[in-house]
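One structure below.
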Amino acid sequence: DFDRTVRHTEAAEKKSLEEFVLFDRTSRADIAGKETKYWLTQEQRQTTTGTMETTKSDLRTASNLVDAALRTLEDLKPTCIDTGMSYTDRTAKRAEEMAALKTALCILDTNGVETLCQ
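Using my numbering, read the sequence shown as starting at -11 and increasing by one per residue.
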């Protein structure tokens, strides 16, 4: 009876040792895989953070350029849009300016090549 108990105990220990070795190998492989994944995730996080900072900087630059363009547009708008003159006044002023330019052209045409001045 004692021999049978010893044999069962030894068999159980052998089986337990085999199961432990299998569990140990599986656990170590799992831990190594998770550590590798952790470090890869950390590297990806750093890369993403750097890209995000660069993108934020580019966004700030673009926003500043848009703001400057809008300020310039607002500065030029009164000159281009609201002159305070009616259509007939603008037409008359344009005709006067064209006549003055033609006169200046004739004054500068010392060789007499312009047909407008003859």
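Glycine included, each C-beta is placed from N, C-alpha and C at the ideal position. Since we're looking at a predicted model, the values are computed, not measured.
Check                                                                                                                                       : Outcome
Nearest-angstrom Cα distance between Arg107 and Ser4?                                                                                       : The structure shown does not extend to residue 107, since the chain is modelled only from -11 through 106, so no value can be given for it.
For the putative contact between Glu84 and Cys94, defined by C-beta atoms under 8 Å, what is the C-beta separation to the nearest angstrom? : The pair is not a contact, with the Cβ atoms about 16 Å apart (cut-off 8 Å).
Measure the CB-CB distance between Lys81 and Leu104 and report whether it falls below 8 Å.                                                  : no
Quick check on Ile69: does DSSP put it in helix, strand or coil?                                                                            : coil
If we ignore side chains and look at the alpha-carbon of each, how far apart do Gly160 and Thr49 end up?                                    : Lying before the first or after the last residue shown, residue 160 is absent from the chain, which here runs from -11 to 106.
Under the three-state reduction of DSSP, which class applies to Val9: helix, strand or coil?                                                : helix
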